[in-house]
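One structure is given here, and the rest of the page talks about it.
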Amino acid sequence: MKLLAEGQREAAIAKLREASLAEPSNSEYRIDVLKQSQEYARSLVEGGDEARRAGRIDEAAALYGRAIKVEPGNDRARRGLVALELDARSARLVAESERLTREGKLDAAQERAEAALADNPSSSSAQRQLAQVRELAEKARQTRASQVAAQSVMSKPVTLQFRDANLRMVFEALSRTTGLNVILDRDVRADLRTTIFVKDAAVEDTVDLILLQNQLEKRALNANTLFIYPATPAKQKEYQDLQVRTFQVTNIDVKYLQTLLKAVLKVKDISVDERSGTLVMRDTPDAIAVASKVIAAHDVPEPEVMLEVEVLEVSHDRLSNLGLDLPSSFSLSTPDSAKTIGGLKAMTRNDLVIPSLSVGINFKLQDSDSNLLASPRIRARNKEKARILIGDRVPIITNTVTPTNTGTGVVTGSVQYQDVGLKLEFEPQVYSEQEVGIKISLEVSSIAKEIPGPNGSLAYQIGTRNAQTAVRLRDGETQILGGLISAEDRNTAARLPGVGHLPMIGKLFGNNNGTDKKSEVILSITPRILRAPAVLDPAVRKVYAGTESSIRERAMQLDPIGEARGQTSGGGGAVGGGSLGGAAAPGGLPGMPPARIGPPARLPPRVLPSASRNALPPPGESPAPEEGGEGKPAETPSAPPPAEGEKPKVEQS
Numbered sequence: 045m046k047l048l049a050e051g052q053r054e055a056a057i058a059k060l061r062e063a064s065l066a067e068p069s070n071s072e073y074r075i076d077v078l079k080q081s082q083e084y085a086r087s088l089v090e091g092g093d094e095a096r097r098a099g100r101i102d103e104a105a106a107l108y109g110r111a112i113k114v115e116p117g118n119d120r121a122r123r124g125l126v127a128l129e130l131d132a133r134s135a136r137l138v139a140e141s142e143r144l145t146r147e148g149k150l151d152a153a154q155e156r157a158e159a160a161l162a163d164n165p166s167s168s169s170a171q172r173q174l175a176q177v178r179e180l181a182e183k184a185r186q187t188r189a190s191q192v193a194a195q196s197v198m199s200k201p202v203t204l205q206f207r208d209a210n211l212r213m214v215f216e217a218l219s220r221t222t223g224l225n226v227i228l229d230r231d232v233r234a235d236l237r238t239t240i241f242v243k244d245a246a247v248e249d250t251v252d253l254i255l256l257q258n259q260l261e262k263r264a265l266n267a268n269t270l271f272i273y274p275a276t277p278a279k280q281k282e283y284q285d286l287q288v289r290t291f292q293v294t295n296i297d298v299k300y301l302q303t304l305l306k307a308v309l310k311v312k313d314i315s316v317d318e319r320s321g322t323l324v325m326r327d328t329p330d331a332i333a334v335a336s337k338v339i340a341a342h343d344v345p346e347p348e349v350m351l352e353v354e355v356l357e358v359s360h361d362r363l364s365n366l367g368l369d370l371p372s373s374f375s376l377s378t379p380d381s382a383k384t385i386g387g388l389k390a391m392t393r394n395d396l397v398i399p400s401l402s403v404g405i406n407f408k409l410q411d412s413d414s415n416l417l418a419s420p421r422i423r424a425r426n427k428e429k430a431r432i433l434i435g436d437r438v439p440i441i442t443n444t445v446t447p448t449n450t451g452t453g454v455v456t457g458s459v460q461y462q463d464v465g466l467k468l469e470f471e472p473q474v475y476s477e478q479e480v481g482i483k484i485s486l487e488v489s490s491i492a493k494e495i496p497g498p499n500g501s502l503a504y505q506i507g508t509r510n511a512q513t514a515v516r517l518r519d520g521e522t523q524i525l526g527g528l529i530s531a532e533d534r535n536t537a538a539r540l541p542g543v544g545h546l547p548m549i550g551k552l553f554g555n556n557n558g559t560d561k562k563s564e565v566i567l568s569i570t571p572r573i574l575r576a577p578a579v580l581d582p583a584v585r586k587v588y589a590g591t592e593s594s595i596r597e598r599a600m601q602l603d604p605i606g607e608a609r610g611q612t613s614g615g616g617g618a619v620g621g622g623s624l625g626g627a628a629a630p631g632g633l634p635g636m637p638p639a640r641i642g643p644p645a646r647l648p649p650r651v652l653p654s655a656s657r658n659a660l661p662p663p664g665e666s667p668a669p670e671e672g673g674e675g676k677p678a679e680t681p682s683a684p685p686p687a688e689g690e691k692p693k694v695e696q697s
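For the sequence shown, position 207 (counting from the first letter as 1) is numbered 251 according to the numbering used here, and the numbering increases by one without interruption.
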């Protein structure tokens, strides 16, 4: 014990262990050894954990080692040493990830950072490094995407002027002018026609409008190649790209989100896990992008408010008991237990017995004042009820008799509890104007009288006062609610008949008992907003969602992106209506060699018609009649035949 008092706990534990080995039958020594070794090892492990969190690796290792020496079976200390090894490996991986990041090897750097975080999930350095690498990788991806988009023909400006032109002819014109590769599905009808007049519009926007007119869809195979297919459910299932996205929500019920997305976006493939609060969705990239904005608009923290409540119950009781306490009856009796009527004649006054009579004088006046003050603070979420009970739960026993065949019923007792005292119920609603609406329910109850029942049961007469209201207060504004007043005045008099009713002196021949009770309850409530309603980002407050049949993240529009007139085919071009200023060659545009767009190997080859037909004439000229006559489609000119010995030229998309 001396060593323990001096703080030499390891030496004291060693001495206790020696004493326990010397006297194995002494249970006190064994208990002291176990108690002291466990307490000291626990303190060493806690110190090692603190040193590990602070980054003092050597100190933590020493403390864990001392804990194992004191208590060889301490599992926490062994886990601490293993955690130190993982921390060291995590630090090496983080350093290697930082080196790879500086060298620009982001994929390898992200792999090292993820491995470091897997070894030590609580490592702040690994978390920061992984977040930094992911941010740099995302920036690099966006940079590459912007570079590819800048080189893509989809962003080039184009001018089209076609009236009732064959769809394939329009696509061939776009292909010859901008270098766009187009592949048609075998089920795209050959008789589709379109009318379009655009100027200096992006190729992508122009193609989207043409496809919308003819109920077609596209799929981008690369930056310069599109695959066109009919917008039918069967073809969409075959060609439409789908994504799977997992959303983690924390502030809203995932079942409500599932119902919302099914009702608003008509999402079919959606599943939720209520335990982890995750929502998994499979749909098109546009639908997932719109759904992410809808979820972001709903997954916001609930407003919270702190209610500072003060309840004061002021009561005043006055009890009075004044006057003479006179006997209420007078009796005479004989000393013998029985007398005959004849024997009464021989009785004298000495034979009569009068019981003792007593007269009391009461001078009692009692005043009592009491103040019941409760000042609770309760935090509540928006539109959720908060309850406060200050009082008792009074048991009420109810006996039930169940008849039996033997004639003796079985008595079964049940206990129910009645809340008696001060009960408060609040339901706040936080508004964006820094105001709080509160629904208040106040009940003050007390036991007025006990009522005994049969078979030993007991019931209570409970007096209660209730108030319900709804107020709207500013943040920090105090509202006082009062007026719950209870007044009771009772006066009971016991007097001698006749004399007790005389004025002035009548009170001397009787007793007066009075009760005067008054109480009032005052409630003060002050709301303080702890978390105001979240202000929605304008980007998620109003979200474009496409049409009834197709969900789109971006509205289909034509924005002028540059002057197309006079540009070469490498930078966009104008097609149709004399925009190029020259007559179109039979094979296509002026100065452009004929070209055919070949489909993929599994599709039948299709040759797109030339862009020179069905184009608008130059301004001031009347349109030339079609070769087939009025009302007949013009024949599609074919490409000039190849020279002798030369193979036909076919450009594959």
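Note that the Cβ used here is the ideal one computed from N, Cα and C, for glycine as well.
As the structure is a prediction and not an experimental result, all values here were calculated from the model.
{"Query": "Can the beta-carbon of valine 202 be found less than 8 angstroms from the beta-carbon of alanine 245?", "Result": "yes"}
{"Query": "Identify every residue that forms a DSSP beta bridge with arginine 509.", "Result": "Val488"}
{"Query": "Taking a contact to mean a Cβ-Cβ separation below 8 angstroms, would you say glycine 471 touches arginine 516 in this structure?", "Result": "The sequence shown places glutamate at residue 471, rather than the glycine named in the question. Taking 8 angstroms as the Cβ cut-off, glutamate 471 and arginine 516 do not qualify as a contacting pair."}
{"Query": "Identify which residue in Asp131, Arg534, Thr239 has its Cα closest to the Cα of methionine 213.", "Result": "Thr239"}
{"Query": "Curious, which full-length alpha helix (DSSP H) runs of at least 4 residues does the stretch 242–288 contain?", "Result": "247–257, 277–283"}
{"Query": "Which of the three DSSP states, helix, strand or coil, is assigned to glutamate 695?", "Result": "The predicted position of glutamate 695 is uncertain, since its pLDDT is 34 and thus under 50; a value taken from the coordinates is nonetheless stated next. Looking at glutamate 695 - three-state DSSP - the assignment turns out to be strand."}
{"Query": "For arginine 220, count neighbouring C-beta atoms within 10 Å of its own C-beta (all shown protein chains included) and say buried if the count is 16 or more, exposed if not.", "Result": "buried"}
{"Query": "Under three-state DSSP, which class holds glutamine 176?", "Result": "helix"}
{"Query": "Measuring CA to CA, which of Ile491, Phe407, Val403 is closest to aspartate 436?", "Result": "Ile491"}
{"Query": "Would you mind stating whether glutamate 348 and leucine 574 have Cβ atoms separated by less than 8 angstroms?", "Result": "yes"}
{"Query": "Quick one: is glutamate 357 near chain C, going by C-beta distance under 8 angstroms?", "Result": "Structure shown: chain C not included; a single protein chain is present."}
{"Query": "Tell me which residues share the same chain as alanine 127 and place their Cβ nearer than 8 angstroms to its Cβ, disregarding the 5 neighbours each side in the sequence.", "Result": "Arg96, Asn164"}
{"Query": "With 16 as the cutoff for other CB atoms within 10 Å, does lysine 200 come out buried or exposed?", "Result": "buried"}
{"Query": "Report the rounded CA-to-CA distance for leucine 417 versus arginine 431, giving the unit in angstroms.", "Result": "17 angstroms"}
{"Query": "With 16 other CB atoms within 10 Å as the buried threshold, where does proline 663 fall?", "Result": "Legend: pLDDT at proline 663 = 41, less than 50; position of this residue unreliable, value from coordinates given subsequently. Exposed is the call here."}
{"Query": "Buried or exposed: where does threonine 250 fall if 16 or more other Cβ atoms within 10 Å of its Cβ makes it buried?", "Result": "buried"}
{"Query": "Would you decide whether glycine 124 is buried or exposed? Buried here means 16 or more other CB atoms lie within 10 Å of its CB.", "Result": "buried"}
{"Query": "Is the separation between the beta-carbon of proline 345 and that of asparagine 295 shorter than 8 angstroms?", "Result": "yes"}
{"Query": "Within 10 angstroms of the Cβ of asparagine 225, are there 16 or more other Cβ atoms? Answer buried if so, exposed if not.", "Result": "buried"}
{"Query": "Ignore the nearest five residues each way along the sequence and tell me which others in tyrosine 461's own chain have a CB closer than 8 angstroms to its CB.", "Result": "Arg437, Val438, Pro439, Ile440"}
{"Query": "List the whole-angstrom C-beta distance separating valine 454 from asparagine 443, where the pair is believed to meet the contact cut-off of C-beta under 8 angstroms.", "Result": "Going by Cβ atoms, the distance from valine 454 to asparagine 443 rounds to 11 angstroms, so no, they are not a contact pair."}
{"Query": "For arginine 233, which three-state DSSP category applies?", "Result": "coil"}
{"Query": "Cβ atoms of alanine 98 and tyrosine 108: under 8 angstroms apart, would you say?", "Result": "no"}
{"Query": "Specify the secondary structure class of valine 114 as computed by DSSP and reduced to three states.", "Result": "helix"}
{"Query": "If the criterion is Cβ atoms closer than 8 angstroms, does the pair aspartate 343 and valine 308 meet it?", "Result": "no"}
{"Query": "Terminal residues of the continuous alpha helix (DSSP H) containing arginine 33?", "Result": "A query on residue 33 cannot be resolved here, the shown segment of the chain reaching from 45 to 697 and no further."}
{"Query": "In or out: arginine 146 buried (at least 16 other Cβ within 10 Å) or exposed?", "Result": "exposed"}
{"Query": "Classify glutamine 478 as helix, strand or coil using the three-state DSSP reduction.", "Result": "coil"}
{"Query": "Closer than 6 angstroms by C-beta to threonine 513: which residues in its own chain qualify, once you throw out the five before and the five after it? Chain order, please.", "Result": "Ile484"}
{"Query": "How about the stretch 353–364 and the stretch 551–560: do they share at least three Cβ pairs that are nearer than 8 angstroms?", "Result": "yes"}
{"Query": "Mapping DSSP to helix, strand and coil, what is threonine 444?", "Result": "strand"}
{"Query": "Compare the Cα-Cα distances from tyrosine 283 to each of Leu466, Ala511, Gln473, Leu270 and report the closest residue.", "Result": "Leu270"}
{"Query": "Could you tell me the alpha carbon to alpha carbon distance between serine 320 and aspartate 131, rounded to whole angstroms?", "Result": "28 angstroms"}
{"Query": "Since alanine 340 and valine 474 should fall inside the 8 angstroms C-beta cutoff, what is the C-beta to C-beta distance between them, to a whole number of angstroms?", "Result": "At roughly 20 angstroms, the Cβ-Cβ gap does not stay under 8 angstroms, so alanine 340 and valine 474 are not in contact."}
{"Query": "How long is the line joining the alpha carbons of proline 686 and phenylalanine 291, rounded to whole angstroms?", "Result": "The predicted model places proline 686 with a pLDDT of 41, which falls under 50 and marks its position as unreliable, so this point remains unresolved."}
{"Query": "Whole angstroms is fine: what's the gap from glutamate 62's alpha carbon to aspartate 102's?", "Result": "31 angstroms"}
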